[in-house]
Amino acid sequence: MSAWRGRDKSQELERLATLAGEASAEAAHAQVVSEPPAPPAPPDLTAAAFFDVDNTMMMGASIFYFARGLAARKFFTSSDLAGFVWGQIKFRLGGRENKEDIKTHRERALSFVAGRTVAELTSISEEIYDELMADKIWSGTRALAQMHLDAGQRVWLVTATPIELAAIISRRLGLTGALGTVAETRDGVYTGRLVGDLLHGRAKAHAVRALASREGLNLKRCTAYSDSANDIPMLSAVGTAVAVNPDGGLRDVARARGWEIRDFRTGRKAAKIGVPSVLGAGALAGAVAAGMAYRRR
Numbered sequence: 015m016s017a018w019r020g021r022d023k024s025q026e027l028e029r030l031a032t033l034a035g036e037a038s039a040e041a042a043h044a045q046v047v048s049e050p051p052a053p054p055a056p057p058d059l060t061a062a063a064f065f066d067v068d069n070t071m072m073m074g075a076s077i078f079y080f081a082r083g084l085a086a087r088k089f090f091t092s093s094d095l096a097g098f099v100w101g102q103i104k105f106r107l108g109g110r111e112n113k114e115d116i117k118t119h120r121e122r123a124l125s126f127v128a129g130r131t132v133a134e135l136t137s138i139s140e141e142i143y144d145e146l147m148a149d150k151i152w153s154g155t156r157a158l159a160q161m162h163l164d165a166g167q168r169v170w171l172v173t174a175t176p177i178e179l180a181a182i183i184s185r186r187l188g189l190t191g192a193l194g195t196v197a198e199t200r201d202g203v204y205t206g207r208l209v210g211d212l213l214h215g216r217a218k219a220h221a222v223r224a225l226a227s228r229e230g231l232n233l234k235r236c237t238a239y240s241d242s243a244n245d246i247p248m249l250s251a252v253g254t255a256v257a258v259n260p261d262g263g264l265r266d267v268a269r270a271r272g273w274e275i276r277d278f279r280t281g282r283k284a285a286k287i288g289v290p291s292v293l294g295a296g297a298l299a300g301a302v303a304a305g306m307a308y309r310r311r
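Residue numbers (this note's numbering): 15 to 311.
Below, the structure is given as structure tokens:
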């Protein structure tokens, strides 16, 4: 009986990951349809590049900076932020992932956005990017993205961060668009439900495949960049995988599979990454949102 329950749970997680990927690809495709960027070179229509954000394109975790910005706007207190981040550090360092805890974090995250408007979140995200994120972009990774743009290829961010914030980061960097976590909305207001699940792990690979189908991309001609072993499914979905500022797990896999490794960190910058590196995008996103929701109640 327990084996059947385990299989059912695994199938449900896969279904949610697929749904999250499809929703993110649909939202990302709409970005291009509505605001097509001017190509810097003759377009290479079947090749593209996909970049993870946290510790790959940006030093640290975007959701962590987002939380700091919200704390500064009195959405919750700095002590709340410190408390639930420390709880997640212990959770991650313990090496055990409790699925019920993850579910609880996700539900609390949704209670935070429920009833708020997309326009409000987008406006706040613009301000927070300027205040806390703009100077955290890795120049080396940005140069890699520009290399693809100069070759006429489209460049997408792929992140567990809310797609509204991801789209702002992409636009400010002059990229094509972004794949991110999609929260359900009705008439421009968040309902308090995700479409599928966080865009994390396998969901990123589903999103990349779904976007490739919509955009007519040949994944064998595409390139993906990430720092985390969590993104091995996405890296494995394309023809060329590059480990950028890799964690230990990804570094080992990259060496075993012959993937290129790029590291733009110095000792000082690596120390600055600190907490976000330990947490990982999916767990940190849930932790931050949990603290937000707690304070709002």
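Beta carbons: idealized from backbone N, C-alpha and C, even for Gly.
{"Item": "Exposed unless 16 or more other CB atoms sit within 10 angstroms - verdict on Leu-179", "Value": "buried"}
{"Item": "For Gly-129, the first and last residue of its enclosing alpha helix (DSSP H)", "Value": "That residue, Gly-129, is in no alpha helix (DSSP H); it is neither H nor E in DSSP."}
{"Item": "Proximity below 9 angstroms, CB of Gly-194 to CB of Leu-171", "Value": "yes"}
{"Item": "Cβ pair count under 8 angstroms reaching 3, the stretch 30-44 against the stretch 224-243", "Value": "yes"}
{"Item": "Where Phe-65 falls: helix, strand or coil (DSSP)", "Value": "strand"}
{"Item": "Distance CB(Asn-259)-CB(Arg-276) smaller than 9 angstroms", "Value": "yes"}
{"Item": "Sequence ranges, alpha helix (DSSP H) only - wholly within the stretch 140-201, length at least 4", "Value": "153-164 and 177-186"}
{"Item": "Spatial neighbours of Trp-273 in its chain, beta-carbon cut-off 6 angstroms, leaving aside the 5 residues before and after", "Value": "Ala-255 and Ala-257"}
{"Item": "Classification of Leu-59 by the beta-carbon crowding that lies within 10 angstroms, buried from 16 upward", "Value": "exposed"}
{"Item": "At least 3 beta-carbon pairs within less than 8 angstroms: the stretch 136-144 vs the stretch 152-168", "Value": "no"}
{"Item": "Test item: CB-CB of Tyr-239 and Ala-63 under 9 angstroms", "Value": "yes"}
{"Item": "Run of the alpha helix (DSSP H) containing Arg-271, from where it starts to where it stops", "Value": "262-271"}
{"Item": "Segment contact flag, the stretch 242-251 with the stretch 206-219, C-beta cutoff 8 angstroms, min 3 pairs", "Value": "yes"}
{"Item": "Start-to-end residues for the beta strand (DSSP E) that takes in Gly-230", "Value": "Taken as a continuous stretch (DSSP letters only), Gly-230 belongs to no beta strand (DSSP E), as it is neither H nor E."}
{"Item": "Endpoints, the alpha helix (DSSP H) within which Ala-81 is located", "Value": "76-86"}
{"Item": "Cβ pair Asp-245, Leu-33 closer than 9 angstroms", "Value": "no"}
{"Item": "Assigned secondary structure, Ser-240 (DSSP; H/G/I helix, E/B strand, else coil)", "Value": "strand"}
{"Item": "According to DSSP, residues forming a beta bridge with Ala-255", "Value": "Ala-238"}
{"Item": "C-beta atoms of Gly-206 and Gly-129 nearer than 9 angstroms", "Value": "yes"}
{"Item": "Backbone CA spacing between Val-157 and Phe-80 [nearest angstrom]", "Value": "The question names Val, but residue 157 is Ala in the sequence shown. If you take the alpha carbons of Ala-157 and Phe-80, they lie about 24 angstroms apart."}
{"Item": "Endpoints, the beta strand (DSSP E) within which Leu-208 is located", "Value": "203-208"}
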